[in-house]
Amino acid sequence: MTPVLGEIWVYLSATPLLGLTLTLLAYQAALWLYRRANHHPLLNPVMLAVIMLVLVLSVTDTSYETYFDGAQFVHFLLGPATVALAIPLYAQWGRLRSMLVPLLATLVAGSLTAALSAVGIAALLGASRESMMSLAPKSVTTPIAMGVAERLGGLPSLTAVLVICTGILGAICARYVYRMLRIDDHAVRGFAIGIASHGIGTARAFQVSEQAGAFAALGMGLNGLLTAASLPWVLPWLERLTG
Amino acid sequence: MIGALTLLLVFQLVGEVLVRALDLPIPGPVVGMGLLFVTLIVRRGPGEQLRGTANGVLQHLSLLFVPAGTGVMLHFQRLADEWLPLSVALVFSTLLSIAVAALLLQRLTHRTHGRGESR
Numbered sequence: 001m002t003p004v005l006g007e008i009w010v011y012l013s014a015t016p017l018l019g020l021t022l023t024l025l026a027y028q029a030a031l032w033l034y035r036r037a038n039h040h041p042l043l044n045p046v047m048l049a050v051i052m053l054v055l056v057l058s059v060t061d062t063s064y065e066t067y068f069d070g071a072q073f074v075h076f077l078l079g080p081a082t083v084a085l086a087i088p089l090y091a092q093w094g095r096l097r098s099m100l101v102p103l104l105a106t107l108v109a110g111s112l113t114a115a116l117s118a119v120g121i122a123a124l125l126g127a128s129r130e131s132m133m134s135l136a137p138k139s140v141t142t143p144i145a146m147g148v149a150e151r152l153g154g155l156p157s158l159t160a161v162l163v164i165c166t167g168i169l170g171a172i173c174a175r176y177v178y179r180m181l182r183i184d185d186h187a188v189r190g191f192a193i194g195i196a197s198h199g200i201g202t203a204r205a206f207q208v209s210e211q212a213g214a215f216a217a218l219g220m221g222l223n224g225l226l227t228a229a230s231l232p233w234v235l236p237w238l239e240r241l242t243g
Numbered sequence: 244m245i246g247a248l249t250l251l252l253v254f255q256l257v258g259e260v261l262v263r264a265l266d267l268p269i270p271g272p273v274v275g276m277g278l279l280f281v282t283l284i285v286r287r288g289p290g291e292q293l294r295g296t297a298n299g300v301l302q303h304l305s306l307l308f309v310p311a312g313t314g315v316m317l318h319f320q321r322l323a324d325e326w327l328p329l330s331v332a333l334v335f336s337t338l339l340s341i342a343v344a345a346l347l348l349q350r351l352t353h354r355t356h357g358r359g360e361s362r
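In structure tokens:
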């Protein structure tokens with residue numbers, strides 16, 4: 001690098017501007033690719049943007065902390081966006097009220113399946129206890145999952161990554177599962193993806209229809225509540241049971 | 244738009260305060276969502292402005308997960324060590340939970356119309 005470029009780099013890497021702009025640029029590029037490929041689920045925009053960012057940060061030898069100084073402004077918006085989910089939820093209030101009992105039964109079954117199957121498979125394949133406890137809350141939204149992992153003795157920052165992977169996987173695979181099982185109802189499709197893959201699944205559901213999105217938001221919110229309330233005592237109990 | 248954004252932040256703030264005051268195990272924004280939902284039921288729906296802003300924010304919900312996702316770079320070592328159990332657990336458990344939830348809800352809600360029939 002020439003001295004001038006070096007100076008510019010020193011300036012840029014010290015301001016939040018770079019991390020913020022990079023995040024938006026990577027997302028724009030990812031969206032462009034996703035649209036060019038006709039919204040093919042394998043080209044999930046979150047996944048593409050993350051891959052691009054990790055490459056850029058590795059090549060320029062920038063630490064995640066430096067990057068996050070800028071990216072935190074985007075990360076912060078997760079809060080108000082979560083609150084905003086109340087609006088599509090309200091739009092489905094009529095339908096929602098009419099299927100309250102089936103929704104709650106599905107919630108309990110889906111929530112337990114998501115957590116216990118993950119921990120069970122990881123245990124069978126010899127994962128460490130720390131990894132298993134980080135994996136358990138993978139299906140709920142990042143802030144809840146990190147809190148639950150901490151209570152269980154997992155690593156919250158690892159949980160954040162596993163949560164995002166789960167979201168991307170759900171967003172990519174759900175349509176194939178639904179096609180195979182012949183599930184057409186957008187309310188059912190949305191609720192299931194919301195339970196299994198939280199906000200990223202919900203984002204994907206909103207691209208399909210507003211109804212799918214609203215039910216996904218409901219599944220995500222309810223599973224967040226249930227997981228936060230149940231996992232911290234279900235898992236220790238299971239651990240004692242299996243020795 | 245600023246008015247609607249302020250409203251969302253106020254609900255989040257109230258949620259965060261409640262969570263700390265009552266020592267709840269749930270994040271503040273989720274409580275804020277619940278409070279706004281109840282408010283909308285009482286007031287019979289959101290205004291035009293709030294609806295527009297919410298749709299704008301939610302359209303790009305994916306973007307908001309990018310910074311946390313990039314945190315994957317902090318865990319390359321562990322992921323390299325335990326990639327097999329972690330990836331198999333993630334894939335199977337995610338597919339299984341989507342399938343279980345979808346099939347169960349489909350059965351419970353479509354009994355009267357006959358199973359497998361589209362609406």
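Chains as they are written, first to last, in the numbering used here: chain A, 1 to 243; chain B, 244 to 362. Quick reminder that beta carbons are idealized off the backbone N, C-alpha and C, glycines included. Since this is a predicted model, take the numbers as computed values, not measurements.
Give the secondary structure of residue i by DSSP, where H, G and I count as helix, E and B as strand, and everything else as coil.
i               : result
R362 of chain B : Summary for R362 of chain B: the model assigns pLDDT 43, below 50, so the residue's position carries little reliability, and this model does not support an answer.
L77 of chain A  : coil
S247 of chain A : It is not possible to answer for residue 247 of chain A, since the shown part of chain A is limited to 1 through 243.
G6 of chain A   : helix
T142 of chain A : helix
I87 of chain A  : helix
I183 of chain A : coil
T15 of chain A  : coil
N298 of chain B : helix
I269 of chain B : coil
N38 of chain A  : coil
H198 of chain A : helix
Return yes when the Cβ of residue j is within less than 9 Å of the Cβ of residue i, no when it is not.
i               : j               : result
L254 of chain A : T23 of chain A  : In the structure displayed, chain A extends from 1 to 243; residue 254 of chain A sits before or after that span and is not available.
G258 of chain B : V274 of chain B : yes
L238 of chain A : V119 of chain A : yes
L363 of chain B : L85 of chain A  : Residue 363 of chain B is absent from the model: chain B starts at 244 and stops at 362.
D69 of chain A  : G19 of chain A  : yes
V74 of chain A  : L306 of chain B : yes
V208 of chain A : A345 of chain B : no
V331 of chain B : I121 of chain A : yes
A160 of chain A : A311 of chain B : yes
S131 of chain A : R321 of chain B : yes
F206 of chain A : H186 of chain A : no
Of all Cβ atoms in chain B, is any one closer than 9 Å to the Cβ of residue i?
i               : result
G154 of chain A : no
W237 of chain A : no
G110 of chain A : yes
L241 of chain A : no
Got a sec: is the Cβ-Cβ distance from residue i to anything in chain A below 9 Å?
i               : result
I284 of chain B : yes
I341 of chain B : yes
Q255 of chain B : yes
L302 of chain B : Residue 302 of chain B is actually Gln in this sequence, not Leu. Cβ-Cβ to chain A under 9 Å: yes for Q302 of chain B.
G246 of chain B : no
Q292 of chain B : no
(request) Count the C-beta pairs between the segment 329-340 of chain B and the segment 135-149 of chain A that are closer than 8 Å, then say yes if the count reaches three, no if not. (result) Taking 8 Å as the limit for Cβ pairs, the verdict is that the segment 135-149 of chain A does touch the segment 329-340 of chain B.
(request) Could you name the residues of the segment 259-278 of chain B whose beta carbon sits closer than 7 Å to any beta carbon of chain A, in the order they occur along the chain? (result) Cβ contacts with chain A come from P268, I269, P270, P272, V273, G275 and M276.
(request) Report yes or no: do three or more beta-carbon pairs, one from the segment 182-201 of chain A and one from the segment 233-243 of chain A, lie closer than 8 Å? (result) No contact exists between the segment 182-201 of chain A and the segment 233-243 of chain A.
(request) With 7 Å as the C-beta to C-beta threshold (strictly closer), list the residues of the segment 309-332 of chain B near chain A in chain order. (result) Per Cβ criterion, the list reads V309, P310, A311, G312, T313, G314, V315, M316, L317, H318, R321, E325, L327, P328, L329, V331 and A332.
(request) Kindly confirm or deny that the segment 213-231 of chain A and the segment 88-99 of chain A touch, where touching means at least three C-beta pairs closer than 8 Å. (result) Yes, the segment 213-231 of chain A is in contact with the segment 88-99 of chain A.
(request) Specify whether the segment 97-108 of chain A and the segment 317-330 of chain B touch according to this definition: at least 3 beta carbon pairs, one from each stretch, less than 8 Å apart. (result) Contact between the segment 97-108 of chain A and the segment 317-330 of chain B is absent, with fewer than three C-beta pairs closer than 8 Å.
(message) Any C-beta of chain B within less than 8 Å: which residues of the segment 51-77 of chain A qualify?
(response) Residues are counted here when their Cβ sits less than 8 Å from a Cβ of chain B; for the segment 51-77 of chain A these are L53, V54, L57, S58, Y64, Y67, F68, A71, Q72, V74, H75 and L77, given in chain order.
(request) Using a Cβ-Cβ cut-off of less than 7 Å, give me the residues of the segment 175-197 of chain A that come near chain B, in sequence order. (result) For the segment 175-197 of chain A, the residues whose beta carbon sits under 7 Å from a beta carbon of chain B are, in order, V177, Y178, L181, R182, I183, D184, D185, V188, R189, F191, A192, I193, I195, A196 and S197.
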